[in-house]
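> Before we start, here is the structure in question, set down as structure tokens.
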Amino acid sequence: MSLGDELLKRALTDGETGLYNRISLRLELERAVDKAERYGFPLGIVTIRCDGCSTDSLTEFARHLAGGVRRSDCLARTGDRELSLLITHEDAENATEVVERLDRLCRGYQGAPIHTEIQTDLETQDFRRLLDRV
Numbered sequence: 009m010s011l012g013d014e015l016l017k018r019a020l021t022d023g024e025t026g027l028y029n030r031i032s033l034r035l036e037l038e039r040a041v042d043k044a045e046r047y048g049f050p051l052g053i054v055t056i057r058c059d060g061c062s063t064d065s066l067t068e069f070a071r072h073l074a075g076g077v078r079r080s081d082c083l084a085r086t087g088d089r090e091l092s093l094l095i096t097h098e099d100a101e102n103a104t105e106v107v108e109r110l111d112r113l114c115r116g117y118q119g120a121p122i123h124t125e126i127q128t129d130l131e132t133q134d135f136r137r138l139l140d141r142v
């Protein structure tokens, strides 16, 4: 891996969890908003707030979740104790199933106890409003 590639990877990933970071999510969301406006499909963001965990347990939990979503999904660390998943047009029609799958993954986590709260923001018209959240 070249120095440029290494620097780019550092800029776009969270150093503790290895997930995408807020910058990556924002870039992916901007691309998805452009496509959604052009083709008229919905988008959404699922936010998982993780309370009562240390940085180490959040890292372990993030890896657990990453193993349960598609590699093409944009799962990002967006706050100190917050993870977000971008739901694109392929998933938006099945958003309920995606959220249920994430909830099962959260409940199935066997590490240190983490209280999770899942919030879904599925947008069908004002896509730019999603950009304000990231």
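Read left to right, the sequence shown gives residues 9 to 142 (the working numbering). Ideal Cβ placement from N, Cα and C applies to all residues, glycine included. Owing to the predicted nature of the structure, the values given are computational and were not obtained by experimental measurement.
Give a yes or no on whether the C-beta atoms belonging to I126 and V107 are separated by under 8 Å.
Along the sequence shown, read from residue 1 onward, the residue named residue 126 stands at position 118. Along the sequence shown, read from residue 1 onward, the residue named residue 107 stands at position 99. Going by C-beta atoms, I126 is nearer than 8 Å to V107.
> Quick check: the Cα distance between L51 and T21, rounded to an integer number of angstroms?
Along the sequence shown, read from residue 1 onward, the residue named residue 51 stands at position 43. Along the sequence shown, read from residue 1 onward, the residue named residue 21 stands at position 13. Approximately 22 Å between the Cα atoms of the pair.
> Quick one: residues in its chain with C-beta nearer than 6 Å to the C-beta of I56, no 5 flanking neighbours on either side, listed in chain order?
Position 48 of the sequence shown, counted from the first residue, corresponds to residue 56. Here the set comprises L91, T124, I126.
> I want to know whether the stretch 9-27 touches the stretch 71-86 - three or more CB-CB distances under 8 Å.
yes
> Verify whether the separation of the beta carbon atoms of C82 and E14 is less than 8 Å.
Mapped onto the sequence shown, residue 82 falls at position 74. Mapped onto the sequence shown, residue 14 falls at position 6. No, the pair does not count as a contact, with Cβ atoms beyond the cut-off.
> Using the Cα positions of I95 and S65, report the straight-line distance between them to the nearest angstrom.
If you number the sequence shown from 1, residue 95 lands on position 87. If you number the sequence shown from 1, residue 65 lands on position 57. Rounded to the nearest whole angstrom, the C-alpha separation of I95 and S65 is 25 Å.
> Find the nearest neighbour of Y117 within the set E38, E68, R34, K43, judged by alpha-carbon distance.
Within the sequence shown, numbered from 1, the residue matching residue 117 stands at position 109. Cα-wise, what sits closest to Y117 is E68.
> Answer with buried or exposed for A5, where buried requires no fewer than 16 other C-beta atoms within 10 angstroms of its C-beta.
Missing from the structure shown is residue 5; the chain here goes from 9 to 142 and no further.
> By DSSP, does I122 sit in helix, in strand, or in coil?
Within the sequence shown, numbered from 1, the residue matching residue 122 stands at position 114. If DSSP states are grouped into helix, strand and coil, I122 belongs with coil.
> When you compare only the Cα positions, how much space is there between N102 and S80?
Here residue 102 refers to the residue found at position 94 of the sequence shown. Here residue 80 refers to the residue found at position 72 of the sequence shown. Going by the C-alpha atoms only, they are around 16 Å apart.
> Exposed or buried, what is L93 when buried is set at 16 or more other beta-carbons lying within 10 Å of its beta-carbon?
Numbered from its first residue, the sequence shown carries residue 93 at position 85. Result: buried.
> What residue range does the alpha helix (DSSP H) around D42 cover?
To locate residue 42, count along the sequence shown from 1; it is residue 34. Segment 30-47, the alpha helix (DSSP H) holding D42.
> Using 10 angstroms around the beta-carbon of A70, count the other beta-carbons present and answer buried if the total reaches 16, otherwise exposed.
To locate residue 70, count along the sequence shown from 1; it is residue 62. Flag for A70 reads buried.
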